[in-house]
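Undergrad:
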Amino acid sequence: MVASVDAPEKMVGKAIKRREDPRLITGAGQFIDDLRMPGMLHIGLVRSPLAHAKIKSIDLSPALSMPGVVAAFTGEDFLDLNPLPAAWQAGGVTNHAVTPRVLAVNEVHLAGDPVAVVIAEDQYLARDAAEAVIVEYEELPVVVDAKKAAEAGAP
259 MVASVDAPEK
269 MVGKAIKRRE
279 DPRLITGAGQ
289 FIDDLRMPGM
299 LHIGLVRSPL
309 AHAKIKSIDL
319 SPALSMPGVV
329 AAFTGEDFLD
339 LNPLPAAWQA
349 GGVTNHAVTP
359 RVLAVNEVHL
369 AGDPVAVVIA
379 EDQYLARDAA
389 EAVIVEYEEL
399 PVVVDAKKAA
409 EAGAP
């Protein structure tokens, strides 16, 4: 059993004034996007516009030829990295979900799946270079109904 601790009465059921608000709304706050460090680079993600597709090819050369672009990678470059772990799995439940990787490999499973990353000297170059990457997809069937998705043979 966990011992309970009574909260002070002055805090229960009352709005608590936030101390950080004045500096944030007056421009004195510091946000992560405000940080600048020497040699800092930025990324631009290439995301799938399709909900389900095979990745036929990814051509990074248009991005890599742009000034200010330092590197570009696909999921094939990170095959030795472990897939992203699921946060929780219920006991006795079979998980049919695809274990996600940092970047999609061979197939995308949702619109917005990242398929490539471009690294550049500033955020605008990174975004422009990401848009220059050429990805060829083979569209696959999609199921948007949860019950149908659970049926045998569903894509």
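With positions in the sequence shown counted from 1, the corresponding number in this note's numbering is that position plus 258. Note that CB positions come from ideal geometry on N, CA and C, so glycine has one too. Quick caveat: nothing in here was measured; it's all calculated off a predicted structure.
1. If you reduce the DSSP assignment to three classes, tell me which class residue 323 lands in.
2. Could you tell me the alpha carbon to alpha carbon distance between residue 296 and residue 272, rounded to whole angstroms?
3. Between 387, 282, 393, 394, which lies nearest to residue 300 when the distance is taken from Cα to Cα?
4. From residue 403 to residue 367, what distance separates their C-alpha atoms?
5. Sorted by chain position, which residues of the same chain lie with C-beta nearer than 8 Å to residue 325's C-beta, five sequence neighbours on each side aside?
6. Could you check the C-alpha separation between residue 270 and residue 287 for me, to the nearest Å?
7. Whole angstroms are fine: how far does the CA of residue 291 sit from the CA of residue 358?
8. List, from N- to C-terminal side, the beta strand (DSSP E) runs of 3 residues or more that fit wholly inside the region 276 to 337.
9. On a CA-only basis, which of 385, 350, 361 is nearest residue 340? Give me that one, please.
10. Count Cβ pairs between the region 395 to 402 and the region 304 to 317 that sit closer than 8 Å; are there 3 or more?
11. Can you tell me which residues form a DSSP beta bridge with residue 394?
TA: Well, looking at it:
1. If DSSP states are grouped into helix, strand and coil, residue 323 belongs with coil.
2. Each residue's alpha carbon lies about 45 Å from the other.
3. 387
4. 15 Å
5. Within the same chain, residue 325 has close Cβ partners 383.
6. 28 Å
7. 27 Å
8. Listed in chain order, they are 300 to 305, 311 to 317, 327 to 332.
9. 361
10. Taking a cut-off of 8 Å for Cβ pairs, the region 395 to 402 and the region 304 to 317 touch, as three or more such pairs fall below it.
11. Beta-bridge partners of residue 394 (DSSP): 315.
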